[in-house]
Structures are given as structure tokens and as C-alpha cells.
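If you count by my numbering, then the sequence shown holds residues 1 to 367, one letter each, in order. Backbone N, C-alpha and C fix where the C-beta goes; we use that ideal spot for every residue, glycine too. In this text, all values refer to a predicted model and were calculated from it rather than measured experimentally. Worksheet: one structure, shown below.
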Amino acid sequence: MKIVAVEAIPYSIPYRKPLKFASGEVSAAEHVLVRVHTDDGVVGIADAPPRPFTYGETQRGVAAVIETLFAPAIVGLTLVEREVVHAKLARTVGNPVAKSAVDMAIWDALGQTLDLPVTELLGGYTDRMRVSHMLGFDTPAAMVDEATRMRETYGIEVFKVKVGRRPVDLDTAVVRALREGLGEGVELYVDGNRGWTAAESARAMKEMSDLGLTLAEELCPADDVLGRRWLVQQLDIPFVADESATTPAEVTREILGGSATAVSIKTARTGFTTSQRTHHLCEGLGVDVVMGNQIDGQLGTACTVAFGAAFDLTSRRAGELSNFLDMSDDLLTESLEIRDGTLSVLPGSGLGVRIDPDKLARYRTDQ
Ligand code: MUC
Ligand code: MG
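Here's what the structure looks like:
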């Protein structure tokens, strides 16, 4: 049960089609695979997807902070001393993605050691989640085509539409085309990644008020404090805090300050240990939760569904679990399968996933 080594392996896998949104664009999964080794020969794994446009982390920075600060701080601790690990990592500010991957790799190693699935250790509420697919910027016709393909191929009926372009009609036209093209049966919601002002957001939401949207996420920056509060007060659907609520303290500030009424939990940035704290906080505050996607590959998606399925509150809404489908390849020995719009938690101990050594050798960038 003792941690003896922590590895941080950078790799790069191209996307077939880049995902574009108001705060950035991703055309390759330039992530870091984290492996935590124990003295029993167990190896826990997790993925770190750096998102410099949101958290300031880079692939080299993630590998460096793990190798130079985190690994020396936690080697020698046992897998059950997760709160000690948490406190040691917290001595370094920021670096949410690097910290989360270390945390989740420890949980995977713990599950393997106890021969129990991580999702059951976390809460064991259900074994699957409905899937929501994120649609990146494109023309209305291309976005309707993509959504139609996702519905026909995987049975996905929930779509998060990226918005936040100027003029706002570029995006409102897309959402209208999606509603007309897909019909009333699908669930649609929007995510602006802070691209609009509060006034632009209000205008866009008014223009789309007949389209039956279920959520609005980060339409304008949380730092525009009064504007955002003004916007949230006039909406009749939950306003999701995503990148503005990446810690329990930020969740408390956003919700109690009236700047959001729902929260996106992303295991890529809060791991399992802090995601538990965020979940319990949201339950206590009585706010809705969405399991978000940090443009995760299959390993990250396996973590999201393991956490999301563990609790009632996190499994109620569809989780954002499908954007790995846009990658040209992945690292796992067996692909995740979305069927009938649903992703099941993988069976087996820990996270239930294994890395294909040949694929890792092909895509790692440090050798
Ligand atoms: C999202 O919900 O914002 C875009 C950037 C990122 O970090 O996650 C995605 C999706
Ligand atoms: Mg978002």
C-alpha cells in the first residue's frame, strides 16, 4: 500500500477534428499520463489534460511539478493517507490538473489493491450515466450534421452547444438550426466560455427563449461581478459555473454571491478527493450539478463516469462523456463504448482500465 514512485509521461494524440470554443481550440490531446507505483507492484493511472487557456497549466509544467514537487512529497505515504496527500499537494498553489491526476491515480491503485471498483469506493449509486455531447464552433449545417451523426450512431439525445462568438446571432442561429433539425425530443444547453458580455448574453438568451434550453454555462466572465449577477437573476434556467468554480471555495462564492445557480464538476481539475467535497457542498447548498468534460480522452472519461455514477446528484443529468470520439486514437487496451446514449462504468477493480504499452510507446513524446 506504500507509494514508491510517481511517473509523469507526456504524450500527444491528434484529434480528427479540432474542438473550437470561445476561450480556445484543441487539435491534439497533449496530455500527461500519471502512474503511481506501490511497493506491492500495483500501478494506478490517471490522465492530466493541461488547459492553459483556463488554468494556466502546460504539458511540460504538469510533468515538471509532478516530478519535482509532488512525487518527492508523497513517496513513502500509503494509499489510504489521501488527506495527507491532499494537504501536501495543497502546499503548492494552483496546478489543479496535475494535482487531480495524482489523486485519481492513487484512488485507482487503492481500488486495485482492495479489489474493488473506485466508483463503489466513492459511493456506488449507479453503474452508468446518460451522455451529453459537446458541439464545438462550426456552421449551423455542420453542427446539425454532427449532432445527427451522434444521435444515429450512439443514441445521444443531449447536446451542449458552444456559444460566445460575436455577433451573437452566429450562435443563436446554430441553436435554432439544431432545434429545428433535431426536433423537440433532444435536450440542448449552451456554454459560452466567458465569450460574451452580460448584456450580449441577456440578448442571446432572449433570442433563444423559445428553444427550450435547459442550462446556460459561463456565458460571461464571473469577474464582471455585478453584470453576471444581473444576468443570472433574469434567467429562468440554471446558470452553470464551470471555470469560475474550480474549488469548493469558488463554488461557495459563486453560488452565495448569486453569480451561478448550478455547478460543473470536472474530475480532471478536482480529482476524486476534491470532487467529493464539491459534490457534498452542492448537495448541501441544494444546487444542480453537471459532470463536465475537460476535453478528456478515454482515461479521463472513465474517471468522470466513475465519479458521476457514484452519487445520485451527479448522475441525474447527462454527463459530458463523448468528446474522446473525436480523437484519432487513444491509450487504452479496450475502447469505451457509448450505446443507446449511455456510458457504463467499466467493470473490474480500480478504474477498470489498462494502458496499451504499444500505443503508449507510439504516442509518448519524452523518448
Ligand atoms: C467546457 O465545458 O468549457 C472547454 C475548455 C475546457 O477546459 O473544457 C471545455 C469544455
Ligand atoms: Mg464549460
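Proximity test, residue i beta-carbon vs ligand 1 heavy atom, cut-off 8 Å
i	result
Met327	no
Thr304	no
Lys266	yes
Thr38	no
Met1	no
Glu320	yes
Arg362	no
Ser201	no
Thr126	no
Lys206	no
Met134	yes
Phe53	yes
Ile66	no
Phe21	yes
Gln234	no
Gln59	no
Gly24	yes
Lys17	no
Gln112	no
Gln294	yes
Lys160	yes
N- and C-terminal bounds of the beta strand (DSSP E) containing residue i
i	result
Glu187	Glu187 to Asp191
Phe159	Val158 to Lys162
Thr342	Thr342 to Ser344
Thr209	It is Ser, not Thr, that sits at residue 209 in the sequence shown. Element bounds for Ser209: n/a, residue is neither H nor E.
Arg130	Arg128 to Leu135
Ala309	From DSSP, Ala309 is part of no beta strand (DSSP E); its letter is neither H nor E.
Ala361	Not the beta strand (DSSP E): Ala361 falls in the alpha helix (DSSP H), residues Pro357 to Tyr363.
Thr38	Gly24 to Thr38
Ala46	Val43 to Ala48
Presumed contact (8 Å Cβ cut-off) between residue i and residue j, rounded CB distance
i	j	result
Ala28	Ile13	7 Å
Ala98	Val75	Between Val75 and Ala98 the Cβ distance is about 16 Å, and since that is not below 8 Å, they are no contact.
Leu188	Leu211	7 Å
Glu217	Val251	So it is not a contact: roughly 14 Å between Cβ atoms.
Asp242	Gly195	At roughly 13 Å, the Cβ-Cβ gap does not stay under 8 Å, so Asp242 and Gly195 are not in contact.
Gly124	Ala245	With a Cβ gap of about 26 Å, Gly124 and Ala245 do not count as contacting.
Cys220	Ala204	With 8 Å as the limit, Cys220 and Ala204 do not qualify as a contact, their Cβ atoms being about 10 Å apart.
Val36	Thr113	Not confirmed; about 11 Å, so no contact.
Thr365	Tyr11	6 Å
Ala306	Val345	6 Å
Leu299	Ile45	7 Å
Pro49	Gln294	5 Å
Val93	Val6	Not confirmed; about 20 Å, so no contact.
Asn193	Gly164	5 Å
Val175	Val158	Going by Cβ atoms, the distance from Val175 to Val158 rounds to 14 Å, so no, they are not a contact pair.
Ile287	Thr261	In the sequence under discussion, the amino acid at residue 287 is Val, which differs from the Ile named in the question. Correct: roughly 6 Å between the Cβ atoms.
Lys20	Gly181	Their Cβ separation, rounded to whole angstroms, is 20 Å, which puts Lys20 and Gly181 out of contact at 8 Å.
Gly341	Arg130	6 Å
Met134	Thr267	16 Å between Cβ atoms; not a contact.
Range covered by the alpha helix (DSSP H) that runs through residue i
i	result
Tyr15	It is not in any alpha helix (DSSP H) - Tyr15 instead sits in the beta strand (DSSP E) that spans Ile3 to Phe21.
Thr314	Asp312 to Arg316
Leu170	Asp169 to Leu182
Asp145	Pro140 to Tyr154
Leu226	Val225 to Gln234
Gly348	Here Gly348 belongs to no alpha helix (DSSP H), and DSSP marks it neither H nor E.
Glu120	Val118 to Leu122
Gln59	Gln59 to Val65
Glu54	The question names Glu, but residue 54 is Thr in the sequence shown. Unbroken alpha helix (DSSP H) run through Thr54: Pro52 to Tyr55.
Residue-chain proximity (residue i, chain B), Cβ-Cβ < 9 Å
i	result
Phe137	In the displayed structure, chain B is absent; only one protein chain is listed.
Anything with a beta carbon under 7 Å from a heavy atom of ligand 2 counts; list them all in chain order. Asp191, Asn193, Glu217, Glu218, Asp242, Glu243, Ser264 and Gly292
Every unbroken beta strand (DSSP E) inside the stretch 242-291 [3 residues or more]: 262-265 and 288-291
Would you list, in sequence order, the uninterrupted beta strand (DSSP E) runs of no fewer than 3 residues that lie entirely inside the stretch 70-98? none
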